[in-house]
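Residues 138 to 412 in our numbering are what the sequence shown spells out, letter by letter.
C-beta atoms are modelled at their ideal positions from N, C-alpha and C, and glycine is treated no differently.
Here the structure comes first, spelled out in structure tokens, and everything after it is commentary.
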Amino acid sequence: MTLTVIVIVTVIVTVIVIVTVTVIVTVTVIVIVKVGVTMIIGKIHSLESFGTVDGPGIRFVTFMQGCPLRCQYCHNPDTWDVNAEVKYRWTPQQLLDEVLRYKSFIKSGGVTLTGGEPLLQADFCREFFRLCREVGIHTAIDTSGAVMNERTLAVLDYTDLVLLDIKALHPEHCKKVCGADGKNALRLLDELERRGIETWVRHVVVPGLTDDDQQLDELYEYVSRYQVVTKIEWLPYHTMGVFKYKELGLDYPLDGVEPLSAERISIIRKKIIKK
Ligand code: SF4
Numbered sequence: 138m139t140l141t142v143i144v145i146v147t148v149i150v151t152v153i154v155i156v157t158v159t160v161i162v163t164v165t166v167i168v169i170v171k172v173g174v175t176m177i178i179g180k181i182h183s184l185e186s187f188g189t190v191d192g193p194g195i196r197f198v199t200f201m202q203g204c205p206l207r208c209q210y211c212h213n214p215d216t217w218d219v220n221a222e223v224k225y226r227w228t229p230q231q232l233l234d235e236v237l238r239y240k241s242f243i244k245s246g247g248v249t250l251t252g253g254e255p256l257l258q259a260d261f262c263r264e265f266f267r268l269c270r271e272v273g274i275h276t277a278i279d280t281s282g283a284v285m286n287e288r289t290l291a292v293l294d295y296t297d298l299v300l301l302d303i304k305a306l307h308p309e310h311c312k313k314v315c316g317a318d319g320k321n322a323l324r325l326l327d328e329l330e331r332r333g334i335e336t337w338v339r340h341v342v343v344p345g346l347t348d349d350d351q352q353l354d355e356l357y358e359y360v361s362r363y364q365v366v367t368k369i370e371w372l373p374y375h376t377m378g379v380f381k382y383k384e385l386g387l388d389y390p391l392d393g394v395e396p397l398s399a400e401r402i403s404i405i406r407k408k409i410i411k412k
């Protein structure tokens with residue numbers, strides 16, 4: 138009798154211990170995961186609540202801080218330094234809360250992450266887009282494709298549209314334009330085709346740097362082969378960001394280059410994707 142009681146008590150105590158430990162471990166894991174997610178902090182350079190040029194419809198555009206490239210024509214050199222002081226250091230949920238203030242305005246558009254290079258902060262982008270999907274907001278990312286790794290590719294799981302900025306098709310030319318060979322951008326285009334994610338290709342046309350007719354034709358032919366590419370945007374070079382170089386004490390690489398003429402860009406813009 139005594140032995141039976143001891144066995145029963147032992148079993149009960151063992152079960153209680155196992156259940157208690159399981160509950161503690163489960164709760165701890167949940168807390169770690171939740172805290173891990175909420176601790177993602179995005180470094181945000183600036184916000185634009187009624188953007189009309191970075192994707193379809195009216196969009197809430199977020200300019201992320203940091204970029205690994207140094208395009209000669211860049212008009213946002215103030216976004217380059219990922220360690221610079223920024224106006225906003227927000228979690229993905231904080232950014233979504235801000236976006237939701239404008240939800241009625243962007244219902245036919247969505248959100249766009251740009252920069253800088255948003256994929257430098259891939260975890261933030263992924264979580265923000267995941268939250269946007271939960272509330273039915275269209276997601277677009279404007280990227281040079283310069284950063285390619287598992288974390289940047291994971292952002293695509295929640296991306297509706299990619300605005301892929303191809304600096305130049307040929308590696309040596311691309312290095313001259315932006316400092317990198319551009320191969321990752323082309324790899325990203327392959328990945329977007331594989332995943333079936335709609336893509337708009339963008340290309341900045343700079344007199345004497347990226348406006349060679351043969352190279353423009355080659356680029357046009359190259360990207361036209363991809364089913365996911367539904368649009369190509371030829372962006373005319375302008376000089377509106379030059380003053381920022383002066384403010385930052387930087388030399389402007391294209392000093393003296395005039396903006397692309399309206400006539401020239403209207404001819405180039407005849408190269409359109411028809412699908
Ligand atoms: S990728 Fe964009 S932000 Fe980065 S240097 Fe080029 S133009 Fe500037």
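Cutoff 7 Å; reference residue i; Cβ partners in own chain excluding five residues on either side
{"i": "residue 266", "result": "276, 292, 295 and 296"}
{"i": "residue 357", "result": "369 and 408"}
{"i": "residue 330", "result": "363, 364 and 365"}
Buried or exposed (CB count within 10 angstroms, at least 16 for buried), residue i
{"i": "residue 119", "result": "Past the boundaries of the shown model lies residue 119; the chain is included only from 138 to 412, so the question cannot be answered."}
{"i": "residue 387", "result": "exposed"}
{"i": "residue 409", "result": "exposed"}
{"i": "residue 411", "result": "exposed"}
{"i": "residue 281", "result": "buried"}
{"i": "residue 234", "result": "exposed"}
{"i": "residue 299", "result": "buried"}
{"i": "residue 360", "result": "buried"}
{"i": "residue 224", "result": "exposed"}
{"i": "residue 150", "result": "exposed"}
{"i": "residue 146", "result": "exposed"}
{"i": "residue 404", "result": "exposed"}
Sequence-distant residues of the same chain with beta carbon closer than 6 Å to residue i, five excluded per side
{"i": "residue 197", "result": "186, 236, 239, 243 and 248"}
{"i": "residue 215", "result": "381"}
Distance between beta carbons of residue j and residue i, contact taken as under 8 Å
{"i": "residue 355", "j": "residue 306", "result": "6 Å"}
{"i": "residue 313", "j": "residue 208", "result": "With a Cβ gap of about 10 Å, residue 313 and residue 208 do not count as contacting."}
{"i": "residue 353", "j": "residue 326", "result": "Wrong, their Cβ atoms sit about 17 Å apart, outside the cutoff."}
{"i": "residue 192", "j": "residue 232", "result": "At roughly 16 Å, the Cβ-Cβ gap does not stay under 8 Å, so residue 192 and residue 232 are not in contact."}
8 Å CB neighbourhood of residue i in its chain, flanking five on each side removed
{"i": "residue 263", "result": "288, 291, 292, 294 and 295"}
{"i": "residue 284", "result": "205, 254, 256, 257, 259 and 321"}
{"i": "residue 378", "result": "211, 212, 213 and 214"}
{"i": "residue 385", "result": "214 and 215"}
Do the segment 357-371 and the segment 311-320 meet, that is, are 3 or more Cβ pairs less than 8 Å apart?
no
**Asked** Per the contact definition of three or more C-beta pairs closer than 8 Å, is the segment 326-338 in contact with the segment 220-234?
**Response** no
**Three-pair Cβ contact test at 8 Å for the segment 187-207 versus the segment 252-265** = In short, these stretches touch, since the Cβ pair count reaches three.
Check your understanding: Counting pairs of beta carbons, one from the segment 236-256 and one from the segment 188-196, are three or more of them closer than 8 Å?
Key -> Segments in contact, yes.
(request) Under 6 Å from any heavy atom of the ligand SF4, by CB: list those residues in chain order, please. (result) 204, 206, 207, 208, 211, 213, 216, 252, 253, 254, 281 and 315
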